[in-house]
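Using UniProt numbering, you'd call the opening residue of the sequence shown number 1 and step up by one each time. All residues carry an ideal CB built from backbone N, CA and C; glycine is no exception. Note that the coordinates shown come from a computational prediction; the quantities given were computed from them, not determined experimentally.
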Amino acid sequence: MMLRKITSLFSRPKVTADENTLLQSIDRNKLPQHIAIIMDGNGRWAQRRGMPRSLGHRAGVESLRNIVKLCSEIGIGYLTCYAFSTENWKRPQKEVSYLMDLLVEYLEKEVVELHKNNVRVNAIGRLEELPQRAQEALQAAFQKTKNNTGLTLNLALNYGGRTEITDAVIKIANMVKSNEMEVANINDKLICDSLYTAGMPDPELLIRPSGECRISNFLLWQLAYTEFWLADVMWPDFQRYHLLQAIIGFQRRERRFGGLNKK
Ligand code: IPE
Ligand code: IPE
Ligand code: MG
């Protein structure tokens with residue numbers, strides 16, 4: 001509680017763009033069905049304010065809360081947020097443990113609000129390697145929201161694109177080994193159906209705040225033709241109008257998928 005107050009003292013810059021104007025500029029018939037976000041820059045956000053990195057992570061949760069709400073309001077189908085990568089275990093144990101506690105706190109505090117907003121909570125990654133307390137909080141959130149029909153909030157936790165592809169290959173190899181599947185039947189669709197994101201459309205829009213221009217092992221297969229939107233703010237400073245700007249930018253892009261312009 002106290003910590004929430006401290007981070008809000010360093011609150012976000014004033015909204016500089018008129019949210020209503022942006023909302024009106026969005027073409028509701030061309031909304032991306034699936035948005036993916038690499039929630040990056042929490043540590044730098046805090047360090048620049050002379051605060052410990054942990055407070056940056058806490059401030060990042062505030063952004064997540066706002067962005068989930070907006071996606072749900074405007075009718076986005078899926079929002080996949082990269083919260084913890086398979087490489088993030090390399091960080092100091094104290095930071096990892098803080099992140100896991102924050103995840104549990106977020107799930108426990110937010111599940112009522114998420115449920116009220118018809119959000120279905122899902123997660124992708126090697127969840128079985130997360131600490132027990134995180135697994136339990138996730139299971140409780142899945143259970144409570146499983147019949148919701150609005151936004152699917154996909155939390156990428158202990159997620160790595162290469163691990164996901166490796167897991168899919170193992171699954172398929174086992175099916176071949178037990179004669180459930182022939183090698184000749186391995187195709188694009190089977191691979192999609194064997195990933196953690198089975199049944200979900202590929203993201204049309206990927207947002208990475210913090211100024212970094214890399215994928216960092218996120219959704220390697222699914223991002224094949226995704227439009228990238230790099231935002232020059234740290235994740236705790238990422239506000240509703242940033243997302244609206246990203247969607248408007250996305251709607252102006254011409255997606256060709258290797259083909260030619262429609263003239
Ligand atoms: C993203 O913020 C959160 C996680 C990776 C868990 P960072 O912690 O990577 O923040 P920076 O990039 O160091 O500023
Ligand atoms: C990507 O950010 C992972 C998450 C946001 C969870 P990182 O901070 O871990 O990525 P790098 O190390 O800058 O590539
Ligand atoms: Mg980072």
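Beta-carbon contacts of Trp-229 that lie in its chain and below 8 Å, excluding the five residues immediately before and after: Mapped onto the sequence shown, residue 229 falls at position 229. Contacts found: Leu-205, Leu-206, Ile-207, Arg-208, Ala-246, Gly-249, Phe-250.
Closest Cα partner of Asn-147 within the set Asp-232, Met-234, Arg-120: Mapped onto the sequence shown, residue 147 falls at position 147. Closest in alpha carbon position to Asn-147, among Asp-232, Met-234, Arg-120, is Arg-120.
Just to confirm my understanding: we take Val-112, look at its own chain, exclude 5 residues before and 5 after, and list those with CB closer than 7 Å. What are they? Your numbering for residue 112 matches position 112 in the sequence shown. Excluding residues within five positions, none has a Cβ falling inside 7 Å.
*Under 8 Å by Cβ, that's how I've got residue 266 and Leu-31 pegged, so tell me the actual separation to the nearest angstrom.*
Limits of the chain in this structure are 1 at one end and 263 at the other, which puts residue 266 out of reach.
Exercise. Can at least three beta-carbon pairs, one atom from the stretch 95–114 and one from the stretch 55–73, be found at a separation below 8 Å?
Worked result: Here the stretch 95–114 lies against the stretch 55–73, with 3 or more beta-carbon pairs under 8 Å apart.
Inter-residue spacing [alpha-carbon to alpha-carbon] between Trp-221 and Ala-36
By one-based count along the sequence shown, residue 221 stands at place 221. By one-based count along the sequence shown, residue 36 stands at place 36. A direct Cα-Cα distance of roughly 13 Å separates Trp-221 from Ala-36.
Exercise. Taking all protein chains shown into account, decide if Tyr-225 is buried (16 or more other Cβ within 10 angstroms of its Cβ) or exposed.
Key: Working through the sequence shown from its first residue, we reach residue 225 at position 225. With a threshold of 16 other beta carbon atoms within 10 Å, Tyr-225 falls short and is exposed.
| request: Just mark Arg-255 as buried or exposed, buried being the case when its beta carbon has 16 or more other beta carbons within 10 Å. | output: For the purposes of this step, residue 255 is taken as residue 255 along the sequence shown, with counting starting at 1. Counting C-beta atoms within 10 angstroms of its own C-beta, Arg-255 has fewer than 16 neighbours from the protein chains shown and is therefore classed as exposed.
Nearest candidate by alpha-carbon position, reference Asn-158, set Gly-41, Gly-50, Gln-135:
Against the sequence shown, residue 158 aligns to sequence position 158. For the residues Gly-41, Gly-50, Gln-135, the minimum Cα distance to Asn-158 belongs to Gln-135.
Is it the case that the CB of Trp-89 approaches a heavy atom of ligand 1 more closely than 7 Å? Position 89 of the sequence shown, counted from the start, is the residue given in the question as residue 89. Not so, every heavy atom of ligand 1 lies at least 7 Å from the Cβ.
Is Ser-178 helix, strand or coil by DSSP? Taking the sequence shown and counting its residues from 1, the one referred to as residue 178 is at position 178. Coil at Ser-178, not helix or strand.
On the three-state DSSP scale, how would you describe Ser-25? Indexing the sequence shown from 1 puts residue 25 at position 25. When DSSP states are grouped into helix, strand and coil, Ser-25 belongs to the helix group.
- At which residues does the beta strand (DSSP E) containing Asn-122 begin and terminate? On the sequence shown, residue 122 is found 122 positions in, with the first residue counted as 1. Per DSSP, Asn-122 is one residue of the beta strand (DSSP E) stretching across 120–124.
Extract the residue ranges of the alpha helix (DSSP H) inside the stretch 38–92, only unbroken runs of 4 or more that lie entirely within it.
Listed in chain order, they are 42–47, 53–74.
Practice prompt. Would you please state the rounded distance, in angstroms, between the beta carbons of Leu-244 and Glu-19? I believe it to be under 8 Å.
Written response: Within the sequence shown, numbered from 1, the residue matching residue 244 stands at position 244. Within the sequence shown, numbered from 1, the residue matching residue 19 stands at position 19. The distance from the Cβ of Leu-244 to that of Glu-19 is about 7 Å, consistent with a contact at the 8 Å cut-off.
Quiz item: When a residue counts only if its C-beta is closer than 5 Å to some heavy atom of ligand 1, which residues count, in chain order?
Solution: Counting only beta-carbon distances shorter than 5 Å to the non-hydrogen atoms of ligand 1, the qualifying residues in chain order are Asp-40, Gly-41, Asn-42, Gly-43, Arg-44.
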